[in-house]
Each structure stands twice: as C-alpha cells, then as structure tokens.
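Novice:
2 protein chains.
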Amino acid sequence: MPNLTKKRNAAGKLIEYGMVQHMADDLAHRRHANKGDQQSPFQGQGKILLALSQTDGLSQKELANRLNMTAQSTAEFVNKLVKKHLVSKEKSTVDRRKTIIRLTDHGRQTASKESAKIPAYLDDLTDTELDQLIAILTKINNSLYDEIHTENPHWFENFQRSVADHLRDWFL
Amino acid sequence: MPNLTKKRNAAGKLIEYGMVQHMADDLAHRRHANKGDQQSPFQGQGKILLALSQTDGLSQKELANRLNMTAQSTAEFVNKLVKKHLVSKEKSTVDRRKTIIRLTDHGRQTASKESAKIPAYLDDLTDTELDQLIAILTKINNSLYDEIHTENPHWFENFQRSVADHLRDWFL
DNA sequence: AATTTTAGTCAGGGGGACCTGATTAATCGA
DNA sequence: TCGATTAATCAGGTCCCCCTGACTAAAATT
Chain A
2 MPNLTKKRNA AGKLIEYGMV QHMADDLAHR RHANKGDQQS PFQGQGKILL
52 ALSQTDGLSQ KELANRLNMT AQSTAEFVNK LVKKHLVSKE KSTVDRRKTI
102 IRLTDHGRQT ASKESAKIPA YLDDLTDTEL DQLIAILTKI NNSLYDEIHT
152 ENPHWFENFQ RSVADHLRDW FL
Chain B
2 MPNLTKKRNA AGKLIEYGMV QHMADDLAHR RHANKGDQQS PFQGQGKILL
52 ALSQTDGLSQ KELANRLNMT AQSTAEFVNK LVKKHLVSKE KSTVDRRKTI
102 IRLTDHGRQT ASKESAKIPA YLDDLTDTEL DQLIAILTKI NNSLYDEIHT
152 ENPHWFENFQ RSVADHLRDW FL
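See the structure below:
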C-alpha cells in the first residue's frame, strides 16, 4: 500500500491534468471556431466513428450493441454523421431490414486524425519518462478495465472488442 | 526530441486512459442511477462549485469573470445549483445590485468529496511509480499551462487564480 | 399462410453547456 | 439631478447526449 501523501499528490495532479486538458480544448475550440467537429471520441458521434474505424460496415443494431446505446440513440448519431458526410448508410442486400453504416473517406480521415495526433506536451518528456508513463498508464488502465469487468462484464467485452483493441493497431 | 515510437505509444495510452475513465464514470453513473450529480468539475455547474469551494461568497459577476462565461450562463448554472441546494443566493447589503453566492453545507461536502477522492487504481502503483507519475504529470501540466498562457493570458490568470491553486490546498 | 421477432424510423422528452438580445434596478459621476 | 454604467433577470435559441413509446417493413418461425 503506497504512501498516502504520494497518492493524494498524484490524484491531485491527475485532476489537474483533466482540468487543464479541458481548458486547452476549450481554447482550441473557441480559437478558430471550427466547423462543428472536435468533441469527445468516447460518446455520441465520436464513439460511433471510433467503432467504425476499427470495424467498418456495421449495422446500426451492431453499433448499438457494441456501444451500449439504444437503437434510437444510435440512429440519431448516425444521421448526424451522415449530414456531416462522415459516414454513409446503405441498405443491406442480404437482409433488407438492415442498414449498413460505412465511413466515408472523409470520415476515415477524421477518425484517424482524431486519434493519431500526438500531443505536443509529450515532446517535453525524456525517453525515460515516456517509458515510465507508458508503464504506469498500462497499469492504471488495466485496473480500470478490471473494475469495469467486474461491474459489468458485458460492457467490458463489447468495449474491449470494438474500441480498446483498436488503439493498439494505431499506436503500437 | 524523444523517440517517436515511444511517443506514439504514450499518446495511445493516454487516449486509452481517457476512454476507459469515461467508461468507468458512465458505469458508476448508471449503476446506482444517482440523484442528479456526478458531472465534470470543469464546466458548467461543476466549475462554479469548484470556484466557490476555493473562494466562497463571490458575486455572479465575479464568477462569470473568473470562469470566462457570460453573466447569463453563470446565472443559469447558479440557479440550477440552487435548486439542488448546493449553493444559496443572497442580496449584498453593501451593493444591492449584487447577489452573493455561497456554498451550502451540502454543497461544500459535494465539492470536496468530488475532488478529494483518490482513485482506487492508484493503490496498484508502487511508491516509485507514484513519484514518477507525479513528476511526469507536473511536466505535462506545465506544458499545457504554457500553451494556454501564450494563447490567452487572461484565461490563464483567472483559471490559475480561481482553480488551479485550489488543488494544491487540497492535495499537498 | 399466419404469427412473431427483428432492424429501423418517427415523435417527443429530459438534462446539460453555452450564447445573444432586451430589460430592470441599483449605483456612480459629472 | 440626470444620464451612464453595472449586476442581474427574462426570453429564446443552438447544439449535444441519451431515453421511452409507438409504428412499419422485412425476416424467421410455426
């Protein structure tokens, strides 16, 4: 059991990180008042983009399942993405009830740009620090995965399958 | 300039961290279907709570300034917090135009509970790792602060004054 | 062929973060 | 004193995430 003071300290830094991150985003967001993009890849439309960039051509139902959303929510986000020309809908020929969702080229670009960018602040770290950071985050992430897994195995599986693995493809 | 592969790797872990964090929150959120709380301390209502927990008894105008929001947005969030009994409004006696916002006991509790909790996953780290993590996050946060500072000094000052310092009070 | 299940859609709702514009009430300054 | 500034409010709007209920069209089942 590690030293309490250190833990408090680390917890504070972590919160501060979240805070200052959010602020930097906010700033970027207002700075060039972008066209509508720039939002969390972990919910809503972003989530769908992320899932599709691993497995393209899913049906809405499958998306809904993997992302633990209702079919209606999924439909809503998909439609918004269609309007932004990031994905396309087409009726399945094998089962005409199904609608297949595919990333457009633009969508694919957007999705990978989103996740593949390396924050500038990593340039300020030494190789040693990067190694340490990677090791630590791996531990932390695994703890969190465990937590999710014990509380809701179903979510965990879907999530792991459709998104987490994805990151490895990109970054490792 | 650090090794590119390491940077990519670290960036991936960081994204993964955000993702799995978000998911864990989501889970907690749905698990006991709480009364309305549980949202980001970095925007809207949470932001106000945070600011007040450092400096209680600010006027709406002051809040709006520090948090870089319009007076109207501030009023909206304050009113929502009042409905939740987390803050109280009272007319200033010295300047009857002003409304002084104060945390209620419940609000104070909520705010500190929010930030003072130490994530369980830190227990899985060794003392050495905690030290490393703290050092690394300090560097990262400072980089981000610099970024914000050069892009918008005004925001930076307000933010630093009303929130960032706060964390030190709690955690160090 | 008749029934049930499945994939999606429409309609509508709740809550959240923000914002602009117009208006009121107090206080300040010339 | 009287007009200007200041703190707040009301009204209304945009966009986001996400859900329930009701309904259609296309399978699958019996």
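Chains as they are written, first to last, in the numbering used here: chain A, 2 to 173; chain B, 2 to 173.
Each residue gets a CB set at the ideal place from its N, CA and C atoms; glycine is no exception.
#1: May I ask you to list the residues that DSSP assigns as paired with LYS90(A)?
#2: Check whether the Cβ of HIS150(B) lies closer than 8 Å to any Cβ atom in chain A.
#3: With 7 Å as the limit, tell me which residues of the region 64–93 of chain B have their beta carbon closer than that to any beta carbon of chain A; keep them in chain order.
#4: Give the range of the alpha helix (DSSP H) segment to which SER74(B) is assigned.
#5: Apart from the five residues on each side of it in sequence, which residues of its chain come closer than 8 Å, Cβ to Cβ, to LEU68(B)?
#6: Of all the options GLN44(A), HIS150(A), PHE157(A), which has the alpha carbon lying nearest to the alpha carbon of HIS23(B)?
#7: Taking LYS90(B) and GLN46(B) to be in contact with their CB atoms under 8 Å, please state how far apart those CB atoms are, rounded to whole angstroms.
#8: Just the Cα atoms here: how many angstroms apart are LYS36(B) and PRO120(B)?
#9: Should ASN4(A) be labelled buried (16 or more other beta-carbon atoms within 10 Å of its own) or exposed?
#10: Look up SER113(A) in the DSSP assignment and give the residues it is bridged to.
#11: Decide yes or no for the touch test of the region 135–152 of chain B against the region 90–100 of chain B: beta carbon pairs closer than 8 Å, at least 3 of them.
#12: Within its chain, find whatever has a CB closer than 7 Å to the CB of GLN133(B); leave out the 5 residues flanking it on each side and keep chain order.
#13: Kindly indicate which three-state DSSP category LEU126(B) falls into: helix, strand or coil?
#14: Are the beta-carbon atoms belonging to SER93(A) and ASP125(B) less than 8 Å from one another?
#15: Quick one: is PRO139(B) near chain A, going by C-beta distance under 8 Å?
#16: Could you pull the start and end residues of the alpha helix (DSSP H) that PRO154(B) belongs to?
#17: Taking only three categories from DSSP, how would you classify SER54(B)?
#18: Looking at the structure shown, is SER41(A) part of a helix, part of a strand, or coil, going by DSSP?
#19: Look at the alpha carbon of GLY19(A) and the alpha carbon of ASP128(B), and state the distance between them as a whole number of angstroms.
#20: Hey, out of GLU115(A), ALA11(A), THR105(A), MET70(A), whose CA is closest to ASP27(B)'s CA?
#21: So, for SER54(A): in the same chain, excluding its five sequence neighbours on each side, which residues have a beta-carbon less than 6 Å away from its beta-carbon?
#22: Report all residues from its chain with a CB closer than 6 Å to the CB of PHE78(B); omit the five preceding and five following residues, and keep chain order.
#23: Using a Cβ cut-off of 8 Å, pull out every chain A residue sitting near PRO120(B), in sequence order please.
#24: Given a threshold of 16 other Cβ atoms within 10 Å of its Cβ, counted over all protein chains shown, does ALA117(A) qualify as buried or as exposed?
#25: Which value, in whole angstroms, describes the spacing of the CA atoms of ASN142(A) and ASN10(B)?
#26: Taking CB distances under 8 Å as the criterion, tell me whether GLY47(A) reaches chain B.
#27: Compare the C-alpha of VAL83(A) against each of LEU104(A), LEU64(A), GLU63(A) and name the closest.
#28: Could you tell me the boundaries of the alpha helix (DSSP H) in which LYS174(B) lies?
#29: Is SER144(A) close to chain B? Criterion is C-beta to C-beta, closer than 8 Å.
#30: Does the beta carbon of LYS36(B) come closer than 8 Å to any beta carbon on chain A?
#31: Against chain B, with Cβ distances strictly below 8 Å, would LEU53(A) count as a contact?
#32: Helix, strand or coil: how does DSSP classify ASN143(B) here?
Specialist: Short version:
#1: Within the first sequence, the letter at position 89 stands for residue 90(A). Answer is ILE102(A).
#2: In the second sequence, the residue the question calls residue 150(B) occupies position 149. For HIS150(B), the answer is no, since every Cβ of chain A falls outside 8 Å of its Cβ.
#3: none
#4: Start at 1 with the first residue of the second sequence, and residue 74(B) comes out as number 73. It spans 72–84 - the alpha helix (DSSP H) in which SER74(B) sits, taken as one unbroken run.
#5: Along the second sequence, read from residue 1 onward, the residue named residue 68(B) stands at position 67. Closer than 8 Å at Cβ, skipping near neighbours: LYS48, ILE49, ALA52, THR75, ASN159, SER163.
#6: In the second sequence, counting from the first residue as 1, residue 23(B) sits at position 22. Among GLN44(A), HIS150(A), PHE157(A), the Cα nearest to that of HIS23(B) belongs to GLN44(A).
#7: For the purposes of this step, residue 90(B) is taken as the residue at position 89 of the second sequence. For the purposes of this step, residue 46(B) is taken as the residue at position 45 of the second sequence. Not a contact, Cβ separation roughly 14 Å.
#8: Position 35 of the second sequence, counting from 1, holds the residue named residue 36(B). Position 119 of the second sequence, counting from 1, holds the residue named residue 120(B). Caution is warranted here: a pLDDT of 48 is assigned to LYS36(B), below 50, making its placement in the model unreliable, and the coordinate value is therefore given only provisionally. Using only the alpha carbons, I get a separation of about 21 Å.
#9: By one-based count along the first sequence, residue 4(A) stands at place 3. Counting Cβ neighbours within 10 Å, ASN4(A) comes out exposed, since fewer than 16 surround it.
#10: As a working mapping, residue 113(A) is identified with position 112 in the first sequence. Answer is none; SER113(A) lacks a bridge partner.
#11: no
#12: Start at 1 with the first residue of the second sequence, and residue 133(B) comes out as number 132. Closer than 7 Å at the Cβ level, and outside the excluded window around GLN133(B), lies no residue.
#13: Position 125 of the second sequence holds residue 126(B). Note: LEU126(B) maps to coil in three-state DSSP.
#14: For the purposes of this step, residue 93(A) is taken as the residue at position 92 of the first sequence. For the purposes of this step, residue 125(B) is taken as the residue at position 124 of the second sequence. It is not a contact, given that the beta carbons lie outside the stated cut-off.
#15: Walking along the second sequence from the start, residue 139(B) turns up at place 138. Per the sequence shown, the amino acid found at residue 139(B) is Thr instead of Pro. With 8 Å as the cut-off, THR139(B) counts as an interface residue toward chain A.
#16: Taking the second sequence and counting its residues from 1, the one referred to as residue 154(B) is at position 153. It spans 154–160 - the alpha helix (DSSP H) in which PRO154(B) sits, taken as one unbroken run.
#17: Within the second sequence, residue 54(B) is the residue found at index 53, counting from 1. SER54(B): helix per DSSP, three-state reduction.
#18: In the first sequence, residue 41(A) corresponds to position 40, counting from 1. Correct three-state label for SER41(A): coil.
#19: Indexing the first sequence from 1 puts residue 19(A) at position 18. Indexing the second sequence from 1 puts residue 128(B) at position 127. Roughly 22 Å separates the two Cα atoms.
#20: For this step, residue 27(B) is matched to residue 26 along the second sequence. ASP27(B) has its Cα closest to that of MET70(A), out of GLU115(A), ALA11(A), THR105(A), MET70(A).
#21: To locate residue 54(A), count along the first sequence from 1; it is residue 53. Within the same chain, SER54(A) has close Cβ partners ALA112.
#22: In the second sequence, counting from the first residue as 1, residue 78(B) sits at position 77. Here the set comprises GLY45, GLN46, ILE49.
#23: Locating residue 120(B) in the second sequence gives position 119, counting from the first residue. In chain order: ALA12, LEU15.
#24: Working through the first sequence from its first residue, we reach residue 117(A) at position 116. So ALA117(A) counts as exposed.
#25: Here residue 142(A) is taken as the residue at index 141 of the first sequence, counted from 1. Here residue 10(B) is taken as the residue at index 9 of the second sequence, counted from 1. When rounded, the distance between both Cα atoms is 14 Å.
#26: Against the first sequence, residue 47(A) aligns to sequence position 46. Chain B, which has no Cβ nearer than 8 Å to the Cβ of GLY47(A), makes this no.
#27: Start at 1 with the first residue of the first sequence, and residue 83(A) comes out as number 82. Ranking the options by Cα distance to VAL83(A), first place goes to LEU104(A).
#28: Given that chain B is displayed from residue 2 to residue 173, the structure contains no residue 174(B) and the question cannot be resolved.
#29: In the first sequence, residue 144(A) corresponds to position 143, counting from 1. Closer than 8 Å: yes.
#30: The count along the second sequence starts at 1 and reaches residue 36(B) at position 35. Here the model assigns LYS36(B) a pLDDT of 48, short of 50, so the residue's position is not dependable, and the following value carries that caveat. It does not; no Cβ of chain A falls within 8 Å.
#31: Locating residue 53(A) in the first sequence gives position 52, counting from the first residue. No, because no Cβ of chain B sits closer than 8 Å to the Cβ of LEU53(A).
#32: Stepping through the second sequence from its first residue, residue 143(B) is reached at position 142. Three-state result, ASN143(B): helix.
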